[in-house]
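Written out below as structure tokens is the structure these notes cover.
Protein chains in written order, with my numbering: chain C, 133 to 232; chain A, 806 to 1286.
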């Protein structure tokens, strides 16, 4: 059986890649993909813990969070679509009317 | 057997939302104004039902929903905000094609916040948190043709989604170390969490996750942009309602589920509270957009409320919880007053149309719209903490509790910050009353007037007659001790 720490290491790595991507990328689609990566690394954690603690709560939680991630992506794409219609691109760093 | 009567407020809110969505499809834009009155009635009914159920204690649905003093008090906060917002939106949505979607989103967001308030399980808490977040993402970008609204929504969405990922990652560690997602069971099994480094990681991730919603510095970057960009009625919902959801979630998760790690999160909140209130007040001084100024002042207020986590005495928690209700009326009302001014500027086509909420738009408001100016004055003085307003009572309880607990340094910082905040609040009052007006006197639209009067009534009643509210806040704090 693969030790728990391997799963935790993998999910921490995926989470870090996702966080790095959100901070460095400019394109809206890529940012949503990176956010999905972060959410899925949390799901991986939940399922791994669920298997190692012999409780089912984690797997149920992962189901819920997959559904929520899909809903979140839908709302996000809707916002990016509206931005695309106005600016003809979704480079988020070019949206900077609001600043102090 | 589940007693569904205890869930009557939630059921009323959701049913109203669904009915509005359904019948709105068949209505013409001219008759859709009725929907606003329907939404306000539904929220009012839920508010009455919540007040009736004060004092009930129950656990439902396999102990995932907890009805107690804390949940009922925060439901009161969210419903009060929803009432102010939905009444004001009757005017905002006049002749709009998307009225039913707007109200449904507002009601679903309110529902999500209400469920967070009574969540006794992390799965439910996360789902409800997301429900409220998703609805408010869409609301922030509601003006699809307005570049500012979209930019605010985009920033809110990206940062909100990252924060929920951080929160979920933190929750997964809490679950892994304790083997359960139920909040009381986590508190019982937290011994392992307290010893291992996983505990610290989880606390950091959870503080970041909730901190984004509470808009604590350094997780505040989205707040000023989103509050300024979104339609003013939505900013009111975000600043007065959605922010409180972060607080009630943090109350539930940190104080009820993770008392074993109290030293760690108490220290983190001490730093965050001081930095947040100071940063918010200092930056607010230099703002010329009133919505942005209110956003920074809202950061500062979040810093005051976060003092409850630092002091952690029953009195401090009472003060913090009382402050959330006071802040809901003050800030909700202040954004509605700004909405009134924005409406005036955009319909009169005079003044700064690019930034309709500019400080100059408030010039001589005491002459052109006396009611809006008077209520704005009440709100900003309440935010500054002038006696006989809700803000004063809240600050009195919270700051004196800090002194009682031997944290005089915290109280001193908070009082100095309040004094600083008076500067930019008083400047707004000066613009409204001591500078000459640019236009003629304008009649107030009824929905804005009604909404402002509700908020003014809330602020003044809580100031002159705080006993019942303090009693309810005390009952809520009792749950946390």
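For each residue, glycine too, the CB sits at the ideal point set by N, CA and C. Only a predicted model underlies this, so the values are computations on that prediction, with no experimental measurement involved.
Discussion item. Taking 7 Å as the limit between beta carbons, can you name the residues of its chain near residue 1274/A, skipping five residues before and five after?
Written reply: Start at 1 with the first residue of the second chain, and residue 1274/A comes out as number 469. Result list for residue 1274/A: 1127, 1130 and 1267, in chain order.
Item to complete: For residue 193/C, go through chain A and note every residue whose CB falls closer than 9 Å to its CB, in chain order.
Response: Looking up residue 193/C in the first chain gives position 61. Result: 927, 928, 931, 973, 976, 977, 980 and 986.
Worksheet item: Whose C-alpha, out of 1189/A, 1183/A, 1198/A and 1145/A, is nearest the C-alpha of residue 1173/A?
Response: The sequence position of residue 1173/A within the second chain is 368, counting from 1. That would be 1145/A, whose Cα lies nearest to the Cα of residue 1173/A.
Item to complete: Would you decide whether residue 814/A is buried or exposed? Buried here means 16 or more other CB atoms lie within 10 Å of its CB.
Response: In the second chain, counting from the first residue as 1, residue 814/A sits at position 9. Label assigned to residue 814/A: buried.
Worksheet entry | Distance, residue 175/C Cα to residue 139/C Cα | As a first step, residue 139/C must be located in the first chain, where it is residue number 7. As a first step, residue 175/C must be located in the first chain, where it is residue number 43. Going by the C-alpha atoms only, they are around 11 Å apart.
Item to complete: Spatial neighbours of residue 1015/A within its chain, please: CB distance less than 6 Å, with the 5 preceding and 5 following residues excluded, ordered by chain position.
Response: Here residue 1015/A refers to the residue found at position 210 of the second chain. So the list reads 1051, 1054 and 1055, once near-sequence residues are dropped.
Worksheet item: Is the stretch 1104–1116 of chain A close to the stretch 1231–1242 of chain A, with three or more CB pairs under 8 Å?
Response: no
Discussion item. So for residue 219/C, helix, strand or coil by DSSP?
Written reply: Indexing the first chain from 1 puts residue 219/C at position 87. Three-state DSSP puts residue 219/C in a helix.
Fill in: From 1093/A, 1278/A, 896/A and 1230/A, residue whose alpha carbon lies closest to that of residue 1251/A
The residue given as residue 1251/A occupies position 446 in the second chain. Residue 896/A is the option with its Cα nearest to residue 1251/A.
Worksheet item: Quick one, are the C-beta atoms of residue 1187/A and residue 1264/A less than 7 Å apart?
Response: Position 382 of the second chain, counting from 1, holds the residue named residue 1187/A. Position 459 of the second chain, counting from 1, holds the residue named residue 1264/A. Yes, these two residues count as a Cβ contact at 7 Å.
Worksheet entry | Cβ-based burial, residue 143/C [other Cβ within 10 Å; buried from 16] | Looking up residue 143/C in the first chain gives position 11. Under this definition residue 143/C is a buried residue.
Worksheet item: To which residues of the same chain is residue 171/C closer than 6 Å at the C-beta, ignoring the five residues directly before and after it?
Response: Counting from 1 along the first chain, the entry for residue 171/C is found at position 39. Answer for residue 171/C: 201, listed in chain order.
Practice prompt. With a 10 Å radius around its C-beta and 16 neighbouring C-beta atoms as the bar for buried, classify residue 985/A as buried or exposed.
Written response: For the purposes of this step, residue 985/A is taken as residue 180 along the second chain, with counting starting at 1. By the neighbour-count rule (16 or more Cβ atoms within 10 Å), residue 985/A is buried.
Fill in: Near-chain C residues of the stretch 934–947 of chain A (beta-carbon distance less than 7 Å), N- to C-terminal order
935, 939, 942, 943 and 946
Item to complete: Report yes or no: do the stretch 973–988 of chain A and the stretch 180–194 of chain C share at least 3 C-beta pairs separated by less than 8 Å?
Response: yes
Fill in: Run of the beta strand (DSSP E) containing residue 864/A, from where it starts to where it stops
One-based indexing of the second chain puts residue 864/A at position 59. Taken as a continuous stretch (DSSP letters only), the beta strand (DSSP E) holding residue 864/A covers 863–865.
Fill in: Beta-carbon proximity check, residue 1281/A vs residue 875/A, cutoff 7 Å
In the second chain, residue 1281/A corresponds to position 476, counting from 1. In the second chain, residue 875/A corresponds to position 70, counting from 1. In this structure, residue 875/A lies closer than 7 Å to residue 1281/A by Cβ.
Discussion item. Please identify the residue among 860/A, 846/A, 853/A and 1140/A whose C-alpha is closest to the C-alpha of residue 1277/A.
Written reply: Locating residue 1277/A in the second chain gives position 472, counting from the first residue. Per the Cα distances, 860/A.
Worksheet item: Quick one: what's got a C-beta closer than 7 Å to residue 1254/A's C-beta in the same chain, skipping five residues either side?
Response: In the second chain, counting from the first residue as 1, residue 1254/A sits at position 449. Counting only Cβ-Cβ distances below 7 Å, and skipping sequence neighbours, we find 1176.
Practice prompt. May I ask you to report which of helix, strand or coil DSSP gives residue 1132/A?
Written response: Your numbering for residue 1132/A matches position 327 in the second chain. DSSP places residue 1132/A in helix when its eight states are reduced to three.
Worksheet item: Touch check for the stretch 928–946 of chain A and the stretch 999–1013 of chain A: three-plus C-beta pairs under 8 Å?
Response: no
Worksheet item: Can you find a CB in chain A that lies within less than 7 Å of the CB of residue 185/C?
Response: The sequence position of residue 185/C within the first chain is 53, counting from 1. Yes, its Cβ sits closer than 7 Å to a Cβ of chain A.
Fill in: C-beta atoms of residue 923/A and residue 886/A nearer than 7 Å
Along the second chain, read from residue 1 onward, the residue named residue 923/A stands at position 118. Along the second chain, read from residue 1 onward, the residue named residue 886/A stands at position 81. No, Cβ-Cβ distance for residue 923/A and residue 886/A is not below 7 Å.
Worksheet item: Apart from the five residues on each side of it in sequence, which residues of its chain come closer than 7 Å, Cβ to Cβ, to residue 1228/A?
Response: Residue 1228/A sits at position 423 when you count from the first residue of the second chain. Around residue 1228/A: 1090.
Worksheet entry | Integer-rounded CB distance, given that residue 1001/A should sit under 8 Å from residue 965/A | Residue numbering aside, residue 965/A sits at position 160 when the second chain is read from its first letter. Residue numbering aside, residue 1001/A sits at position 196 when the second chain is read from its first letter. The pair is not a contact, with the Cβ atoms about 30 Å apart (cut-off 8 Å).
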